[in-house]
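Trainee:
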């Protein structure tokens with residue numbers, strides 16, 4: 607038995623241990639619930655979206671949108687460049703693609719469209735090409751880390767978006783591009799649009815300078 611004079615010390619120690627246990631439990635719970643590109647990839651791989659119907663299909667899209675919206679920008683770019691997206695987008699209807707894109711637009715996206723519209727065509731071209739360069743570098747780094755190798759006869763220089771999309775963005779501006787394009791084209795251009803958004807937020811969008 608503890609002497610009465612030691613009881614306050616014992617209570618203090620127990621209380622301190624309880625506080626640490628709660629804090630550590632909260633930390634591990636938050637860590638386990640944090641969304642990462644790897645968790646999104648696992649979700650894309652484990653859910654056979656093409657086989658889903660009705661509410662199960664709608665729920666899967668809502669869950670994917672929720673996960674994507676919880677990512678940091680860098681993680682969001684990594685997730686968008688993952689090849690697993692292609693399988694899901696090919697299985698989506700045009701309506702589903704449109705609804706998913708709208709549900710995952712970054713904050714400030716509309717302002718970015720307006721700012722891009724004010725740029726002269728030559729600045730649009732430089733800005734778009736800079737964004738595409740960044741995306742290609744990020745994709746190549748991702749593929750190198752994962753040990754991905756292109757199929758026989760293919761090259762590692764496949765553009766992030768098609769030349770037709772690039773030209774359309776430069777010549778018509780983003781507002782016209784976004785309002786007039788099909789859901790499929792918007793889905794293809796999503797990584798580019800988000801990279802342009804990031805460039806606007808860090809100032810490179812308007813200064814024409816390169817920033818990480």
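Residue numbers (my numbering): 607 to 818.
Ideal Cβ placement from N, Cα and C applies to all residues, glycine included.
All of these numbers come straight from a predicted model, not from anything done at the bench.
If contact is defined by three or more beta carbon pairs under 8 angstroms, each pair taking one atom from either stretch, is the segment 791-798 in contact with the segment 765-772?
Mentor: Taking 8 angstroms as the limit for Cβ pairs, the verdict is that the segment 791-798 does touch the segment 765-772.
Trainee: If you reduce the DSSP assignment to three classes, tell me which class residue 643 lands in.
Mentor: Residue numbering aside, residue 643 sits at position 37 when the chain shown is read from its first letter. Note: residue 643 maps to helix in three-state DSSP.
Trainee: Please determine, among 744, 731, 783, the residue with the shortest C-alpha to C-alpha distance to residue 685.
Mentor: Here the question's residue 685 lines up with position 79 in the chain shown. Out of 744, 731, 783, 744 has the C-alpha closest to the C-alpha of residue 685.
Trainee: Could you give the residue range of the alpha helix (DSSP H) that holds residue 680?
Mentor: Translated into the one-based positions of the chain shown, residue 680 becomes position 74. Residues 679-686.
Trainee: Quick one: residues in its chain with C-beta nearer than 7 angstroms to the C-beta of residue 658, no 5 flanking neighbours on either side, listed in chain order?
Mentor: Here residue 658 is taken as the residue at index 52 of the chain shown, counted from 1. For residue 658, where only same-chain residues beyond five positions count, the Cβ hits under 7 angstroms are 666.
Trainee: From the DSSP output, in three-state form, read off residue 584 for me.
Mentor: The displayed coordinates of the chain run from 607 to 818. Any statement about residue 584 would go beyond what the structure contains.
Trainee: For chain C, is any of its Cβ atoms less than 8 angstroms away from the one on residue 787?
Mentor: The question asks about chain C, but that chain is absent: this structure has only one protein chain.
Trainee: Would you identify the three-state DSSP class for residue 727, choosing helix, strand or coil?
Mentor: Here the question's residue 727 lines up with position 121 in the chain shown. Helix at residue 727.
Trainee: Taking residue 714 and residue 803 to be in contact with their CB atoms under 8 angstroms, please state how far apart those CB atoms are, rounded to whole angstroms.
Mentor: Position 108 of the chain shown, counted from the first residue, corresponds to residue 714. Position 197 of the chain shown, counted from the first residue, corresponds to residue 803. That belief holds up - the Cβ atoms of residue 714 and residue 803 are roughly 7 angstroms apart, short of 8 angstroms.
Trainee: Taking only three categories from DSSP, how would you classify residue 782?
Mentor: Residue numbering aside, residue 782 sits at position 176 when the chain shown is read from its first letter. The answer is helix: DSSP assigns residue 782 an H, G or I state.
Trainee: List the whole-angstrom C-beta distance separating residue 793 from residue 703, where the pair is believed to meet the contact cut-off of C-beta under 8 angstroms.
Mentor: Taking the chain shown and counting its residues from 1, the one referred to as residue 793 is at position 187. Taking the chain shown and counting its residues from 1, the one referred to as residue 703 is at position 97. With 8 angstroms as the limit, residue 793 and residue 703 qualify as a contact, their Cβ atoms being about 5 angstroms apart.
Trainee: Considering just the uninterrupted stretch of the alpha helix (DSSP H) at residue 806, what are its terminal residues?
Mentor: For the purposes of this step, residue 806 is identified with residue 200 of the chain shown, where counting begins at 1. That run of the alpha helix (DSSP H) goes 789-808.
Trainee: Using 10 angstroms around the beta-carbon of residue 730, count the other beta-carbons present and answer buried if the total reaches 16, otherwise exposed.
Mentor: In the chain shown, residue 730 corresponds to position 124, counting from 1. Burial call: buried.
Trainee: Determine the direct distance from the alpha carbon of residue 663 to that of residue 734, and round the result to whole angstroms.
Mentor: Your numbering for residue 734 matches position 128 in the chain shown. Your numbering for residue 663 matches position 57 in the chain shown. Rounded to whole angstroms, residue 734 to residue 663 spans 34 angstroms at the Cα level.
Trainee: Taking 8 angstroms as the cut-off, does the segment 719-729 touch the segment 678-695 (at least 3 CB pairs, one atom from each stretch)?
Mentor: Contact fails: fewer than three Cβ-Cβ distances are below 8 angstroms.
Trainee: Could you check how far apart the C-beta atoms of residue 655 and residue 721 are, in whole angstroms? I think they sit under 8 angstroms.
Mentor: Within the chain shown, the letter at position 49 stands for residue 655. Within the chain shown, the letter at position 115 stands for residue 721. At roughly 35 angstroms, the Cβ-Cβ gap does not stay under 8 angstroms, so residue 655 and residue 721 are not in contact.
Trainee: Between which two residues does the alpha helix (DSSP H) harbouring residue 689 extend?
Mentor: If you number the chain shown from 1, residue 689 lands on position 83. Premise fails: residue 689 is in no alpha helix (DSSP H) and is neither H nor E.
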